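Read through the structure below, which is laid out as structure tokens, and then see the notes.
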Amino acid sequence: MLRLTLLVIFVASASAVSVIFEDGPCPQFKPMSNFDFNAYGGTWYEIAKFPNPSEEGDKAKCTLIEYFVRDFRGKMKFTHVVDGVRKYIEGDLTQVYPGHGKIMYTYTFGGKSKNTYLYVMDTDYNNYAVAFSCRYFKDSDKHQLLSWILSRNKVLEGNALAAVDKFLAANSKLINTSYYVQNEHTNEACKARTTEEITEFLKIYQTNPNLID
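Those letters in the sequence shown? Residues -16 to -1, 1 to 197, by mature numbering (1 follows the signal peptide of the UniProt record, and there is no 0).
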């Protein structure tokens, strides 16, 4: 599925939307079972994503996520480049349930912490991963969908791409592939004149008591 539509999706959707919202509560879904949190550690390159506030819609390029995992906890560093500025954020990791692919990120700024959740839906640990998340806003009765296709390399191809295609085809009711936009890991996309640390929560999550992760 992904193999046949990569170019169409990435060209058509690149500037169409900044955040994906749909009506009602989050759909039912389950993360991977028999998930090996330690094996999931290391560096992941973002190949494609649903536009989201953390990456300024679809503007972020050269995105990578580094996990430093030990047993059920760890640290993470998320880095991307926007308009020539390399931005990064660091936080804590917790595997919510042993053997399940639900990961809690904890960010702390100014003595206040915020938790968000990532659900690893499929991975072979060595080549690819598909992750998903959903946030429900009670006040508007809408949910925000987020999904990422990740790779251990800057390019996803061969058997790894075929495995992602197969997973997305089997889960097309949950993950709408037309929402994906491609990331870039070229030398030009990764070029940055300065580096900044992200040191505050996104405004959309700062004061919203009706947000349910």
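Note that beta-carbon positions come from the ideal geometry of N, C-alpha and C, so glycine has one too.
Note that the structure is a prediction, hence the values are computed from the model and not measured.
Item, Value
"So, residue 78 versus residue 57, is the Cβ gap smaller than 8 Å?", "yes"
"Is DSSP giving residue 162 helix, strand or coil here?", "helix"
"Going by DSSP, name the residue or residues bridged to residue 57.", "54 and 78"
"Considering only residues of the same chain and omitting the five flanking positions on each side of residue 183, which have a CB-CB separation below 7 Å?", "93"
"If you draw a straight line from the alpha carbon of residue 173 to that of residue 66, how long is it in whole angstroms?", "9 Å"
"Have a look at 138, 39 and 33 and flag the residue whose alpha-carbon is nearest the alpha-carbon of residue 160.", "33"
"When you compare the CB positions of residue 125 and residue 8, do they come within less than 8 Å of one another, or not?", "yes"
"So who's on the other strand from residue 88, going by DSSP bridges?", "78 and 101"
"By Cβ distance, which residues of its chain are closer than 7 Å to residue -12, with the 5 residues on each side in sequence left out?", "Unreliable positioning characterises residue -12 in this predicted model, as indicated by a pLDDT of 41, which lies under 50. The coordinate reading is nonetheless provided below. Counting only Cβ-Cβ distances below 7 Å, and skipping sequence neighbours, we find 161."
"Roughly how many whole angstroms lie between the Cα atoms of residue 18 and residue 121?", "31 Å"
"So, for residue 13: in the same chain, excluding its five sequence neighbours on each side, which residues have a beta-carbon less than 6 Å away from its beta-carbon?", "158"
"Have a look at residue 40 and residue 3 and give me their C-alpha separation to the nearest angstrom.", "9 Å"
"Does the beta-carbon of residue 44 have 16 or more other beta-carbons within 10 angstroms, so that it is buried, or is it exposed?", "buried"
"Output the boundary residues of the alpha helix (DSSP H) element that contains residue 142.", "142 to 154"
"Ordered along the chain, which non-local residues of its own chain (more than five positions away) have a Cβ less than 6 Å from that of residue 80?", "86 and 88"
"Could you check the C-alpha separation between residue 165 and residue 145 for me, to the nearest Å?", "16 Å"
"Residues bridged to residue 206 by DSSP?", "The requested residue 206 does not occur in the structure, where the chain is confined to residues -16 to 197."
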